[in-house]
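Chemist:
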Amino acid sequence: MTNPCIICVAITGSVAQKSDNPAVPVSIAEQIESTHAAYEAGASIAHCHVRNDDGSPTSDPDRFALLMEGIRTHCPDMIVQFSTGGRSGAGAERGGMLPLHPDMASLTVGSNNFPTRVYENPPDLVDWLAGEMLKYDIKPEIEVFDLSHIFQAVAMAQDGRLKSPLYVQFVMGVKNAMPVDKEVFDFYIRTLSRLAPNAQWCGAGVGAGQIRINEWSIAAGGHTRTGLEDNIRLDRHTLAPSNAALVARAADLCAKYDRPVATPQQARAILGLEG
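Read in order, the letters of the sequence shown correspond to residues 1255 to 1529 in this note's numbering.
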């Protein structure tokens, strides 16, 4: 197997704090530095959230602009992917940064349970976010937390609300959502291949499931995501020292399965993004 594997690094997210792991980057400067180290370790996509000074999540477009400027200065060919997730805002606030023209943005096309709340993605909001991504020529990363999300993304591509080919990320290990289960993972792959044979896919595991999803994805010929947003540990007893360390761990798995780590230029070609 020689097809390159895209490694996405989810730098900080909205939940983990420095009290959980001091390596979690919170300020814009910390995030830029952490992204650069992850880029040098092999990451070609930076999945971006931003925080307020107190560490709380926000969708502030000005902070996203500063982060994107820093990444493009220090990692000039890296793919910048903004999060439109619901922890950082509500309604149209979740897409207020899309006019900044990132390369990609996350899009969840349906609702599901999270550990302590419902992750609400009502149809009108999903359609609006998808429309903004079409308007600004942003490639969505479809975040799949449930089987129905695959079917919905395919339906949206068929009626023109999303451009094809799709890029779909299976997210497993979130409490109260889809667990890390190999048979389900394999079924996701088969279902997507049947419904959207030209789609590319990625696997993301949360918590202890991160390394398992990394390995399953790489072994199966897909792409993978890692980073301190999803998991703050190397193992039960060891905190991850950096995002770069988690990227390096995924890169080691690529070597194990004879998968070259995709360069940013290769990742752009695979995803159909301009340089």
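Note that beta-carbon positions come from the ideal geometry of N, C-alpha and C, so glycine has one too. Remember, predicted model here, so these are calculated numbers, not experimental data.
Tell me, to the nearest whole angstrom, how far the beta carbon of C1329 is from that of V1515; I am working on the premise that it is less than 8 Å.
Modeler: Rounded, the Cβ-Cβ distance is 15 Å, inconsistent with contact.
Chemist: Taking all protein chains shown into account, decide if G1461 is buried (16 or more other Cβ within 10 angstroms of its Cβ) or exposed.
Modeler: Burial call: exposed.
Chemist: How long is the line joining the alpha carbons of I1396 and V1380, rounded to whole angstroms?
Modeler: About 11 Å.
Chemist: Can A1502 and A1346 be called in contact, C-beta distance under 8 Å?
Modeler: No.
Chemist: What's the call for T1561, buried or exposed, on a 16-neighbour Cβ count within 10 Å?
Modeler: Residue 1561 lies beyond the range of the chain shown here (1255 to 1529); nothing can be said about it.
Chemist: Specify the secondary structure class of K1429 as computed by DSSP and reduced to three states.
Modeler: K1429 falls in the coil class under three-state DSSP.
Chemist: Would DSSP call M1255 helix, strand or coil?
Modeler: With a pLDDT of only 46 at M1255, under the threshold of 50, the placement of this residue in the model should not be trusted, and no figure is reported.
Chemist: Cutting at 7 Å between CB atoms, please list the residues of its own chain near Q1271, excluding the five before and the five after it.
Modeler: V1278 and G1309, listed in sequence order.
Chemist: Quick check on P1376: buried or exposed, where buried means 16 or more other Cβ atoms within 10 Å of its Cβ?
Modeler: Counting Cβ neighbours within 10 Å, P1376 comes out exposed, since fewer than 16 surround it.
Chemist: Between A1292 and the rest of its own chain, which residues show a CB-CB distance below 6 Å, the 5 nearest in sequence each way excluded?
Modeler: So the qualifying residues of the chain are V1263, N1497, A1498 and V1501.
Chemist: Can you look up H1301 in the DSSP assignment and give me helix, strand or coil?
Modeler: Note: H1301 maps to strand in three-state DSSP.
Chemist: Under 8 Å between the Cβ atoms of P1311 and S1273?
Modeler: Taking 8 Å as the Cβ cut-off, P1311 and S1273 do not qualify as a contacting pair.
Chemist: How many angstroms separate the CA atom of G1267 from the CA atom of P1451?
Modeler: Answer to the nearest angstrom: the Cα atoms are 31 Å apart.
Chemist: Cβ of F1318 within 8 Å of Cβ of M1351?
Modeler: Contact: yes.
Chemist: As an exercise, report each continuous beta strand (DSSP E) stretch of at least 3 residues that is fully enclosed by the stretch 1417-1485, in chain order.
Modeler: Whole beta strand (DSSP E) segments, 3+ residues: 1421-1426, 1454-1459 and 1477-1480.
Chemist: Our contact map puts W1470 next to K1436 with C-beta atoms below 8 Å; I'd like the distance itself, whole angstroms only.
Modeler: With 8 Å as the limit, W1470 and K1436 qualify as a contact, their Cβ atoms being about 7 Å apart.
Chemist: Work out the CA separation of P1356 and Q1454 for me, nearest whole Å.
Modeler: Those two C-alpha atoms are separated by around 19 Å.
Chemist: Which runs of the beta strand (DSSP E), 3 residues or longer, sit entirely within the stretch 1291-1349?
Modeler: Correct list: 1299-1302 and 1333-1336.
Chemist: With DSSP as the reference, identify every bridge partner of A1264, one or two as the case may be.
Modeler: Paired residues: H1301.
Chemist: Any idea what DSSP makes of S1402, helix, strand or coil?
Modeler: Three-state DSSP puts S1402 in a helix.
Chemist: If you measure between the beta carbons of F1405 and V1428, is that distance less than 8 Å?
Modeler: No, Cβ-Cβ distance for F1405 and V1428 is not below 8 Å.
Chemist: Buried or exposed: where does R1522 fall if 16 or more other Cβ atoms within 10 Å of its Cβ makes it buried?
Modeler: Buried, because 16 or more other Cβ atoms sit within 10 Å of the Cβ of R1522.
Chemist: Since S1489 is in the beta strand (DSSP E), which residue starts that stretch and which ends it?
Modeler: Note that residue 1489 is Asp in the sequence shown, not Ser. Its beta strand (DSSP E) spans residues R1487 to D1489.
Chemist: Quick check on L1354: does DSSP put it in helix, strand or coil?
Modeler: Helix.
Chemist: Per DSSP, what kind of secondary structure is N1497 in: helix, strand or coil?
Modeler: If DSSP states are grouped into helix, strand and coil, N1497 belongs with the helices.
Chemist: Tell me the rounded alpha-carbon separation between S1281 and R1448.
Modeler: S1281 and R1448: Cα-Cα distance of roughly 42 Å.
Chemist: Which value, in whole angstroms, describes the spacing of the CA atoms of G1540 and A1494?
Modeler: No information on residue 1540 is available, as it lies outside the stretch 1255 to 1529 that the chain covers here.
Chemist: Look up I1396 in the DSSP assignment and say whether it is helix, strand or coil.
Modeler: Here I1396 sits in strand by DSSP.
Chemist: Can you have a look at N1306 and say buried or exposed, based on whether 16 or more other CB atoms are within 10 angstroms of its CB?
Modeler: Exposed, because fewer than 16 other Cβ atoms sit within 10 Å of the Cβ of N1306.
Chemist: From D1484 to E1323, what does the alpha carbon distance come to, in whole angstroms?
Modeler: Straight-line Cα distance between these residues: approximately 24 Å.
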